[in-house]
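Mind the numbering: the sequence shown is residues 1 to 319 in full-length UniProt numbering, read in order.
All C-beta atoms, glycine included, are put in the ideal place defined by N, C-alpha and C.
Owing to the predicted nature of the structure, the values given are computational and were not obtained by experimental measurement.
Report on one structure; see the data block that follows.
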Amino acid sequence: MKVGFIGLGNVGGKLAGSLLRNGHDVTVRDLDPEAAKPFLAQGAKWADSSKELAEANDMVITCLPSPAACSAVMESDDGIIAGLCKGKIWLEMSTTDDGELRRIADKVLATGAKALEAPVSGGCHRAATGNISIFVGGDRESFEQVLPVLTNLGRRVLHTGELGTASVLKVMTNYLATANLCAVAEALTVCKKAGMDMNTTYEAIKISSGNSFVHETESQVILNGSRNISFTMDLVLKDVGLFDTLARNLDVPLEISPMLMDIFRDGQERFGPREWSSNIIRRLEEAADVRVLGTGFPAELTDDEPEEVGYEVGVTGRS
1 MKVGFIGLGN VGGKLAGSLL RNGHDVTVRD LDPEAAKPFL AQGAKWADSS
51 KELAEANDMV ITCLPSPAAC SAVMESDDGI IAGLCKGKIW LEMSTTDDGE
101 LRRIADKVLA TGAKALEAPV SGGCHRAATG NISIFVGGDR ESFEQVLPVL
151 TNLGRRVLHT GELGTASVLK VMTNYLATAN LCAVAEALTV CKKAGMDMNT
201 TYEAIKISSG NSFVHETESQ VILNGSRNIS FTMDLVLKDV GLFDTLARNL
251 DVPLEISPML MDIFRDGQER FGPREWSSNI IRRLEEAADV RVLGTGFPAE
301 LTDDEPEEVG YEVGVTGRS
């Protein structure tokens, strides 16, 4: 299957790299042609337009920073939809709004092509090694058709149901990760102010009921001081905002989500929209007049699990 990939950012670039590493015929495109050069050097082809990319490939993957960016790539005169036809597949791997996903998917389906969503979760370090998790929404037949490609992109692949379900689950998990991050930032700052050794504090959390994936990963770059988690404050606001909007549309009176939005709005105002999201702890450091640092922690995360062919995750109780 020939694969076209649009969006070579922090996550998309690593996913495209996994396709190339596993021998797929890949064509790439990005607003910044410089971003494509490493992939072209590895054997990828370049498309001069999104339409051209769609026409030349069996499956088109988009991994873009916002619903607006996806709409522009999909719906412009020389966009992906203009190059789709029966037999082709569009796979949306961006974190997006479920309603917007369905709206664009309807236009894709009208061309005779198939539409699936496949947002990822687990961090850029796992995207780089093909060990990230993937949520997939869409009909079962189309899911099974693309599963061999998805098992090269990720370790654990979950078919979530119809179109839109994966997007809902993705923004939910990003909301939970953000809540974890803010709680970890408070916990580490309090322990620092209390005079605790931060390496010992890290291990205490890791072996306790207070542990989380966020602590095991983001706390390391926090304690290093780099705060480089390859994810920025503006993207946190986008993702938590999608979750918050979903809840409000469903008349669910949330309390924590609005607080997270306020925290990151303040962080973005202070430090800039492209500041690493893990550096939200700096608000607390400044207020408490401490620096929350340990020793021996990495500046960037690397995945220490060997790359393996992925598999579909079963759902207990679902036939």
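(message) Mapping the DSSP letters down to three states, classify E305 as helix, strand or coil.
(response) As a first step, residue 305 is located in the sequence shown; it is residue number 305 there, counting from the start. E305: coil per DSSP, three-state reduction.
(message) Quick check on residue 320: does DSSP put it in helix, strand or coil?
(response) This structure leaves residue 320 out entirely; the chain is present only between 1 and 319.
(message) If you measure between the beta carbons of C63 and M93, is that distance less than 8 Å?
(response) If you number the sequence shown from 1, residue 63 lands on position 63. If you number the sequence shown from 1, residue 93 lands on position 93. Result yes, Cβ atoms of C63 and M93 sit closer than 8 Å.
(message) Quick check on DSSP: helix, strand or coil for F213?
(response) The residue labelled residue 213 in the question sits at position 213 within the sequence shown. Three-state result, F213: helix.
(request) Mind listing, in chain order, the continuous alpha helix (DSSP H) runs of no fewer than 4 residues lying wholly within the stretch 133 to 183? (result) 140 to 153
(request) Taking the CB atoms as reference points, tell me whether residue 368 and G267 lie closer together than 8 Å. (result) The chain is shown only over 1 to 319; residue 368 falls outside these bounds and no answer can be derived.
(message) Three Cβ pairs or more, each shorter than 8 Å: is that satisfied between the stretch 205 to 215 and the stretch 300 to 317?
(response) The stretch 205 to 215 is not in contact with the stretch 300 to 317.
(request) Report the residue from R282, L284 and T245 whose alpha carbon sits nearest the alpha carbon of M172. (result) What you label residue 172 is simply residue 172 of the sequence shown in a count that begins at 1. In terms of Cα proximity to M172, the closest of R282, L284 and T245 is T245.
(message) In whole angstroms, give me the CA-to-CA distance for M198 and F39.
(response) Numbered from 1 along the sequence shown, position 198 holds the residue referred to as residue 198. Numbered from 1 along the sequence shown, position 39 holds the residue referred to as residue 39. Going by the C-alpha atoms only, they are around 40 Å apart.
(request) Going by DSSP, name the residue or residues bridged to S18. (result) Here residue 18 refers to the residue found at position 18 when the sequence shown is read from its first residue. DSSP, once it has assigned bridges, lists no residue as partnering S18.
(message) Count Cβ pairs between the stretch 217 to 233 and the stretch 143 to 158 that sit closer than 8 Å; are there 3 or more?
(response) no
(request) Have a look at G296 and N224 and give me their C-alpha separation to the nearest angstrom. (result) As a first step, residue 296 must be located in the sequence shown, where it is residue number 296. As a first step, residue 224 must be located in the sequence shown, where it is residue number 224. Approximately 7 Å, taken between the alpha carbons.
(message) Let me confirm a value: D97 is counted as buried when at least 16 other C-beta atoms fall within 10 Å, else exposed. Which label applies?
(response) Counting from 1 along the sequence shown, the entry for residue 97 is found at position 97. So D97 counts as buried.
(request) Please list, in chain order, all residues of the same chain as K260 whose beta carbon is under 7 Å from its beta carbon, the five residues on each side excluded. (result) Within the sequence shown, the letter at position 260 stands for residue 260. For the sequence presented, residue 260 should be read as Leu rather than Lys. Hits under 7 Å: T178, A179, C182 and V240.
(request) Let me know the secondary structure DSSP gives G83 once reduced to three states. (result) Within the sequence shown, the letter at position 83 stands for residue 83. Helix at G83.
(message) Under 8 Å: do the stretch 77 to 96 and the stretch 26 to 35 share three or more Cβ pairs, one atom per stretch?
(response) Result no; under three Cβ-Cβ pairs closer than 8 Å.
(message) Spatial neighbours of L19 within its chain, please: C-beta separation below 8 Å, excluding the five flanking residues on both sides.
(response) Mapped onto the sequence shown, residue 19 falls at position 19. Result list for L19: V3, F5, V26, V149, N152 and L153, in chain order.
(request) With distances taken Cα to Cα, identify the nearest neighbour of D289 among L109, V190 and R156. (result) Walking along the sequence shown from the start, residue 289 turns up at place 289. For D289, the closest alpha carbon among the candidates L109, V190 and R156 is that of V190.
(request) Take the Cβ of T200 as the centre, count every other Cβ of all protein chains shown within 10 Å, and call the residue buried at 16 or more, exposed below. (result) The residue you call residue 200 lines up with position 200 of the sequence shown. Exposed, because fewer than 16 other Cβ atoms sit within 10 Å of the Cβ of T200.
(request) Could you round the C-beta distance between G12 and R156 to whole angstroms and report it? I think they count as a contact, below 8 Å. (result) In the sequence shown, counting from the first residue as 1, residue 12 sits at position 12. In the sequence shown, counting from the first residue as 1, residue 156 sits at position 156. 19 Å between Cβ atoms; not a contact.
(request) Step through the CB atoms of chain C and report whether any lies within less than 8 Å of the CB of L237. (result) Included in the structure is just one protein chain, with no chain C present.
(request) Mind checking who A115 pairs with in its DSSP beta bridge? (result) Residue numbering aside, residue 115 sits at position 115 when the sequence shown is read from its first letter. In DSSP, A115 forms a bridge with W90.
(request) Kindly indicate which three-state DSSP category K45 falls into: helix, strand or coil? (result) Here residue 45 refers to the residue found at position 45 when the sequence shown is read from its first residue. Three-state DSSP puts K45 in a strand.
(message) Here's a check: name, in chain order, each residue in its chain whose Cβ is nearer than 6 Å to the Cβ of G112, leaving out the five neighbours to either side.
(response) As a first step, residue 112 must be located in the sequence shown, where it is residue number 112. Result list for G112: C85 and K86, in chain order.
(request) Please report how far the alpha carbon of R227 lies from the alpha carbon of M233, in whole angstroms. (result) Position 227 of the sequence shown holds residue 227. Position 233 of the sequence shown holds residue 233. R227 and M233: Cα-Cα distance of roughly 12 Å.
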